[in-house]
Amino acid sequence: MALDQVHLGHSFWRVRVSTDWNVLGPFPIHAREQHYLSPAFPLDLTKPVDYSQSWPSSYADGGRVFWSSAQSDDQGNLNISFPYIRWASLRSTEGWAALQHHAVLKTRLTIYPPNPPRPAPNLLIQLVQGSHFAVLPVHDDNVSISMPTPTWYQGNIYDLNHALPQPVELPIPPFSDRPTNYDLYISGDYEIRLFGDPRVKGSEMPVQKLKLTVGLEDRLETVVHEADQDVICDFVNGFAFGRTIGLGLRSVSGWWTVQGVKILHPTEASNFSFNAPVGFRIAPSQTRILPLNIVQVTPLLLSELGISITLRSGELSHEIFMSLPIRHLHSWDEINYNPIQATYNYVFSMPTPFIAIPPQFDNTGKNVSPILALHGAGVDIIQQSFWADALPRHGHSWVVIPIGRTSWGLDWHGPSARDAWACIKALVGILDNSDQWKVWSFQQDARAVVLGHSNGGQGTWYLASRYPDRVLGIAPAAAYIKSQAYVPLIMSRSAHFIDPMLRAILESGLTPDDNDVHLSNLVDTPIHAIHGGDDENVPVWHSREAISVLKTWSPSSDSSFQEDSGQGHWYPSVFQNEHVTNFLDRILLDEKVKVSNTFTLTVSVPAESGSLHGWAIQELNIPGRLGRLHINLSDSETAHVSTINVHLFTLDRSYLNASSFIIDGIPLSLTNNLIAKQEPIIKFKRVNSQNHKWEITAQSSLPPTQPSGRLQLILSPTSGPLTLIVPTKHKEQSSHVLSVASRLAHDLFLYHKLDTDILDEDEAFHRIERGNFPAGNAVIIGEPSTALVQHVLALQRTPFSIQKDKGGETQLTLNGMPVDSLTSAALFLHPHILPSNNNGTILFLLANTPKGFERALRLFPIRTGIGVPDWLIVGDESDSMGAAGIRAAGSWGRQWSWNEAASWSAIL
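Under the working numbering, think of the first position of the sequence shown as 274, with each following residue one higher.
Structure, rendered in structure tokens:
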């Protein structure tokens, strides 16, 4: 049993977790499919559970599975396996895909009341390597109780370090005079990427290894310092190697606003101070990292820095005192150095660490490129030194090691990719702003050499193929091509029910992650791929196939493959060898960029893509499909361009100063075009989507880069925190919607260290009226009848709108057709609330019932591999049929219009 380790006496609440577990499974699913299915699949937890019932499963002999039992230890460690399943037989035909499975796990919590009575506490639950969990009242046939819709919380399935437990409100108040029992359910989902191949450990049987810890916390209106969440840079010769320090603060209960920050003992820290943000607020149960921008004139030599923070909640005031440890380093030289922990503010507000390895020599008078080194999944670069130790130090190039938001991040896509590029910019800023470090700096726009291992190797392919003009060369090691190739989706439950056209549209939401379809962009990039010949984690064929695809585009490409015979997934010499050193020296010392006479630019989401040799696709003709530019420069006077599914593209004239073009067979000259003569970037726009005629247009008349593509774009905020907007307290459903927002804020912080600011709609309206609504991305959570939802959708900037039905009830409609409001949920991207803001994006998360909100929250794309295009409507069938329960889905057309070619609907 696990007791709360803080309140051990009878004067406090206590909790006991049973070590006895009921287990139902296994059921076949593919990776990430648990986000579509009910976490309790195949159960309906609003009804009594019959533990004598069996359920269909193709994994079991006879085709049915029964409830079984399991035991956890006193520390909450639980191993779940199914020895009666013939795993080797399943694997012999379906491979790794047959090992992935879902199970439902259930145990009992008991809450013991204190004496004398105290207010009911919150649970603090930490679930490691489980996907979802819920706490429910015990169903008693002798007691009349309405079973609530389960509130599902995401577990820490990646086992991320420094993860805070989930604050969980009890579904019904506990008794004050006797123990109260609750049922705790877990969705246990085995994924190869998380648990690995059991054969590596000498077994055919996959085992889910989970850990559950449960504590209690009094619901006092207070705020606490979470020291594990602090972000502190190193000091080199007494100066901060960063521009910011972050302090982790968590609201136990209540809304808290930072009033002031003071340095204790200021005489010992003269000429050192902070600039704190104005109006920094923390919602109930939320954790945020307070950014303090550093102002420093002279060296700071303290080993600890004392700080006090004053916060206010209504009439309450609270002061927190803390002592921050400071790590001091000496300056580096040719022989001696330490990896340096630096900091910067991600999208201006989120303190973020990264590691920098200094070069051996300064860069006076030299034009050098940095080396961007991407770590593998689950590698904590702050606490673990092996990744930095495995990287070769170079003569003049800094090695920049980004964290990628967290040790898993978003597989180096989306916010993780932005973090990687931002770290290079931040390092230049740190060096340029110091007299002693300026000679070690480099140009901010210098191309980077990118290397990485495992997930970082995959991220290397991703960054280079999406932003080829930012890359000088790459060295991906042990890289997988894409998630669908890592473990195929062939055991999908959804596939047995889904319309093939709907499946195609959902998979288009994964296309932006598919490295193989973007490899045309790398035909001129020097590449040295590396893979262990006996890799047990990422099969070696992935690297072989990537090189094969690349050679299909260009047999003469500067690409090589180093297969290290007998080596597994990780070995210390993966980068510390002559082959890699020679490759790095060659491209870093030469720095010449090859431009082929013919090449092809491939783009799936313009907002997440850069240019190739100055050519960039800004807008697709039919979003949701690939766009391509085929460029032929064989004619020295004329550039021949052939387009596929492109509406708008640009050319940076610093790369190619051509004056004549033939686009889709039609000549276009710049000789007499004043616009093209005056601007450094030429913009080519299709005159009519039905023909091949193009025109040159001015930048002021163009929309921004296509801002839609898939729901995952909401994770890449343009500035400041991600704003979550909920109904005002007096509105119906407001408590459940606030719970959705709080859980979403927790998940964003856990998985991506993304900052969120929670507003209610009254405050949102005030900010709209004052013209100071946040400029970054926002999520609006609520019912269609919510005033803010109606206000924004009344602008009719997408095909979603609000109408009245015959009974006068508010109804969400799509192209004029009503969306079923009983249990459906709608998620869709929308232009920013302020029409003048072309960069920010809104995600609507709408429902009318708790069931609908739960389904919508599960489909928020926290992880890669969840196929969610620009918009979708999901119904209750998804609980048992997965993605086949979607009622409509698609990608927006140009300028947020209806896109018939990339839409599917069962309601229109």
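The beta-carbon is built from N, C-alpha and C at its ideal position, and this holds for glycine as well.
Predicted model, so just to flag it, every value in this text is computed and none were measured.
Quick one, which of the options has its alpha-carbon nearest residue i's?
{"i": "Leu443", "options": "Ser460, Asn434, Asp432 and Pro421", "result": "Pro421"}
{"i": "Met1154", "options": "Ala880, Ala758, Phe957 and Phe300", "result": "Phe300"}
{"i": "Asp863", "options": "Ser989, Leu795 and Arg720", "result": "Arg720"}
{"i": "Tyr759", "options": "Trp1165, Gly368, Asn350 and Asp346", "result": "Gly368"}
{"i": "Ser524", "options": "Gln559, Asp491 and Arg554", "result": "Gln559"}
{"i": "Pro1134", "options": "Gly682, Ile969, Asp925 and His726", "result": "Gly682"}
{"i": "Ala556", "options": "Ser738, Ala1179 and Leu1011", "result": "Leu1011"}
{"i": "Leu602", "options": "Met595, Arg666, Ser846 and Leu574", "result": "Leu574"}
{"i": "Pro1035", "options": "Thr1029, Ile1053, Lys1026 and His1025", "result": "Checking the sequence shown, residue 1035 turns out to be Asp, not Pro. Nearest option by C-alpha distance: Ile1053."}
{"i": "Thr486", "options": "Ser877, Thr292 and Ala549", "result": "Thr292"}
{"i": "Leu664", "options": "Ala650, Tyr619 and Val723", "result": "Val723"}
{"i": "His405", "options": "Leu378, Pro390, Arg391 and Leu396", "result": "Leu378"}
{"i": "Val509", "options": "Gln657, Gln427, Ile580 and Asp708", "result": "Asp708"}
{"i": "Ser586", "options": "His852, Asn548 and Gln532", "result": "Gln532"}
{"i": "His686", "options": "Ala737, Gly702 and Gln717", "result": "Ala737"}
{"i": "Val811", "options": "Asn918, Arg898, Asp1143 and Gly729", "result": "Gly729"}
If you check the beta carbons only, do residue i and residue j fall under 7 Å apart?
{"i": "Ala1097", "j": "Gly1125", "result": "It should be pointed out that residue 1097 corresponds to Ser in this sequence rather than to Ala. In this structure, Gly1125 lies closer than 7 Å to Ser1097 by Cβ."}
{"i": "Val504", "j": "Leu522", "result": "no"}
{"i": "Pro626", "j": "Gln614", "result": "yes"}
{"i": "Gly1113", "j": "Ala1048", "result": "yes"}
{"i": "Ala436", "j": "Leu1023", "result": "yes"}
{"i": "Phe856", "j": "His801", "result": "yes"}
{"i": "Leu969", "j": "Asn945", "result": "Note that residue 969 is Ile in the sequence shown here, rather than Leu. Cβ atoms of Ile969 and Asn945: not closer than 7 Å."}
{"i": "Leu1100", "j": "Ile987", "result": "no"}
{"i": "Ser793", "j": "Thr923", "result": "no"}
{"i": "Ala1175", "j": "Arg1160", "result": "no"}
{"i": "Trp294", "j": "Thr366", "result": "no"}
{"i": "Phe553", "j": "Leu537", "result": "no"}
{"i": "Asp837", "j": "Gly805", "result": "yes"}
{"i": "His965", "j": "Asp925", "result": "no"}
{"i": "Leu297", "j": "Trp360", "result": "no"}
Consult DSSP for residue i and reduce its assignment to one of helix, strand or coil.
{"i": "Thr637", "result": "coil"}
{"i": "Val1052", "result": "strand"}
{"i": "Arg523", "result": "strand"}
{"i": "Glu1127", "result": "helix"}
{"i": "Arg1070", "result": "coil"}
{"i": "Leu489", "result": "strand"}
{"i": "Gln278", "result": "Confidence at Gln278 is low in this model, with a pLDDT of 38, below 50, so its placement is unreliable and the value that follows should be read with caution. Residue state, collapsed to three classes: coil."}
{"i": "Ala313", "result": "coil"}
{"i": "Phe627", "result": "strand"}
{"i": "Gln1168", "result": "helix"}
{"i": "Trp826", "result": "helix"}
{"i": "Gly1140", "result": "coil"}
{"i": "Ala912", "result": "strand"}
{"i": "Ala1120", "result": "strand"}
{"i": "Phe220", "result": "In the structure as shown, the chain starts at 274 and stops at 1181, and residue 220 therefore has no counterpart that could be examined."}
{"i": "Lys1026", "result": "coil"}
{"i": "Glu1082", "result": "coil"}
{"i": "Phe285", "result": "coil"}
What does DSSP give as the partner residue(s) for residue i in the beta ladder?
{"i": "Met1090", "result": "Leu1087"}
{"i": "Asp937", "result": "According to DSSP, which records beta bridges pairwise, Asp937 is partnered with nothing at all."}
{"i": "Trp888", "result": "Leu885 and Leu924"}
{"i": "Ala1161", "result": "Ile1146 and Ser1178"}
{"i": "His405", "result": "Gln427 and Ser460"}
{"i": "Ala361", "result": "DSSP lists no partner for Ala361."}
{"i": "Met774", "result": "Paired residue(s): none; Met774 is not in a bridge."}
{"i": "Asn548", "result": "Asn566"}
{"i": "Trp328", "result": "Val338"}
{"i": "Ala343", "result": "Trp294"}
{"i": "Ser586", "result": "Leu589"}
If residue i sits next to residue j, beta carbons under 8 Å apart, how far is it from one beta carbon to the other, in whole angstroms?
{"i": "Gln373", "j": "His303", "result": "6 Å"}
{"i": "His375", "j": "Gln307", "result": "6 Å"}
{"i": "Ala1060", "j": "Ile998", "result": "So it is not a contact: roughly 11 Å between Cβ atoms."}
{"i": "Gly883", "j": "Arg1016", "result": "About 34 Å separates the two Cβ atoms, so there is no contact after all."}
{"i": "Ser714", "j": "Asn434", "result": "The Cβ separation is near 32 Å, so there is no contact."}
Could you check whether the Cβ of residue i sits closer than 7 Å to any Cβ belonging to chain E?
{"i": "Ser833", "result": "This model lacks chain E altogether; it includes just one protein chain."}
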